[in-house]
Amino acid sequence: MKKITLFLFSVTTSLIFAQTTIGESNLFNTTSNATWTHVFTAVTTADGVAVSGLEQTVVINITDLPESASPYTYRIYKTVASGAGDFTQQGPLALGENTIIVPAVTFNRAVKFQFSGGGLIEFDYFSHNGDVLYPTVSQECEPDDVTIGSSGLFVSQEGDWPYYLLAATIDDEDSMNDQTFEMDITCIPDGGANYRIYKTTAAGNDITCCVGELNLGYNTKTVASVAWQRNLRFQFSSGDIGYSSLTLNGEALGLQGVNSALIKIHPNPATNLLTISGLDNIDSVKVYSVLGRLEKEVFNTQQIDISDLASGLYMIEVSNGSNTLTKKIIKQ
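Everything in the sequence shown is counted per the working numbering, starting at 1 for the first residue and increasing by one.
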């Protein structure tokens, strides 16, 4: 069985979110109105009453309002029960977080959020009904991410399954035992990624089987024990699979030479309770929104309840006094 010494590193990650303007963003269309020049379409009658009748909420975090002779405002276009258009809901826009709510109704309708300012309003966050539309969250890996192809823990080979993790060889006495890998995946190719099993049968033949999908967050696969010695490999469909921790048969495999911590925050995505493992003597666990706002904080515990948070992307900051780690999590 392959054994690799654990190397533990800590890293502090800063959140830097790009800014854009209403005029530059593809979330908005231009209008022919001289005052409210750009519009975000929330729902149309084609969506049906089950969708369009719901409360419509937009949150925009404005970072700059250039000097202007006129105040910056928003206006709501909505259709009423008769089908006529209504523009009565209007209001000012200010620096910082602006929340605009259009109440729910019992009929099918269209709702649009119109903005003044000629497209010059600058923002770094925009959401509709809790779905974060800006900044966009890509699942693809970035240059600094640790990936299967760059880590040195995986063996490369030709073909459609270009990398594998060697779990056991037929010469290993304990190759008959359960073979398990655990991986906390941080990024995957846009087309997705899979694993499959390469193993030796009772007849002595090496076969591949058992293709499974890999997802962001915690992934694990166990191949059950057998009565014979065998080869066993976990093969992967891409080298562009990023991860923050990797365990083989209960042993953490070190991310040697990279600034990443072998600390697991799971499950991810999560709906309620998050658990932090791999770090002792935790002082604090903080949850930040994508705007950098502190949402929750607990002390001297390895768990935090996020059930009361809205769905979306958050950052978890874990500290044990001497080390601090920040990771992305998704609240479902």
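Note that beta-carbon positions come from the ideal geometry of N, C-alpha and C, so glycine has one too.
Task: With 16 other Cβ atoms within 10 Å as the buried cut-off, status of N300 - done: exposed
Open item on the list: Tell me the rounded alpha-carbon separation between L335 and E295.
Closed with: With the chain covering only 1 through 332, there is no way to say anything about residue 335.
TODO: Check each candidate in G53, V146, G91 and name the one with the smallest Cα separation from F107.
DONE: G53
Task: Contact set for G149: own chain, Cβ-Cβ below 6 angstroms, skip 5 residues either direction - done: G239
TODO: Count the other CB atoms, across all protein chains shown, that sit within 10 Å of the CB of Y314; report buried if there are 16 or more and exposed otherwise.
DONE: buried
Open item on the list: Counting C-beta neighbours from all protein chains within 10 Å, is the total for R196 16 or more, i.e. buried, or is it exposed?
Closed with: buried
TODO: Would you kindly work out how many angstroms separate the C-alpha atoms of E305 and F154, rounded to a whole number?
DONE: In the sequence as presented, Glu is not what sits at residue 305; that position holds Asp. D305 and F154: Cα-Cα distance of roughly 35 angstroms.
Open item on the list: Report the CB separation of N320 from I282 in whole angstroms; it is logged as a contact under 8 angstroms.
Closed with: 5 angstroms
Task: Cut-off 7 angstroms between Cβ atoms - residues of its own chain near G119, not counting five sequence neighbours on either side - done: T21, I22, G23, T37, H38
TODO: Measure how close the beta-carbons of R233 and L279 come, nearest whole angstrom, since I'm counting them as under 8 angstroms.
DONE: No, R233 and L279 are not in contact; Cβ-Cβ is about 30 angstroms, not under 8 angstroms.
Task: Reduced DSSP secondary structure (H/G/I, E/B, other) of L255 - done: Summary for L255: the model assigns pLDDT 41, below 50, so the residue's position carries little reliability; its value from the coordinates is reported in the next sentence. Looking at L255 - three-state DSSP - the assignment turns out to be coil, as it is neither helix nor strand.
Open item on the list: Helix, strand or coil, according to DSSP, for E295 in the structure here?
Closed with: strand
Open item on the list: To the nearest angstrom, how far is the alpha carbon of W161 from that of S225?
Closed with: 24 angstroms
Open item on the list: With a threshold of 6 angstroms on Cβ separation, who are the neighbours of F236 within its own chain once the five nearest residues in sequence on each side are excluded?
Closed with: I148, Y163, Y195
Task: 8 angstroms CB neighbourhood of Q19 in its chain, flanking five on each side removed - done: T63, D64, E122, F123, D124
Open item on the list: Restricting to runs no shorter than 3 residues, where is the beta strand (DSSP E) found entirely within the region 48-80?
Closed with: 56-64, 73-79
Task: For T37, three-class secondary structure by DSSP - done: coil
Open item on the list: Rounded to whole angstroms, what is the Cα-Cα separation between V51 and Q89?
Closed with: 20 angstroms
TODO: Counting only the same chain and skipping the five closest in sequence on each side, list residues whose C-beta sits under 7 angstroms from that of T200.
DONE: I170, D206, R230, N231
TODO: Look up S237 in the DSSP assignment and say whether it is helix, strand or coil.
DONE: coil
TODO: Output the boundary residues of the beta strand (DSSP E) element that contains S150.
DONE: Where S150 is concerned, there is no enclosing beta strand (DSSP E), given that its DSSP letter is neither H nor E.
Task: Separation of K331 from G312, as counted between CA atoms - done: 5 angstroms
Task: Which of helix, strand or coil DSSP assigns to T106 - done: coil
Task: In DSSP terms, what N219 is bridged to - done: M183
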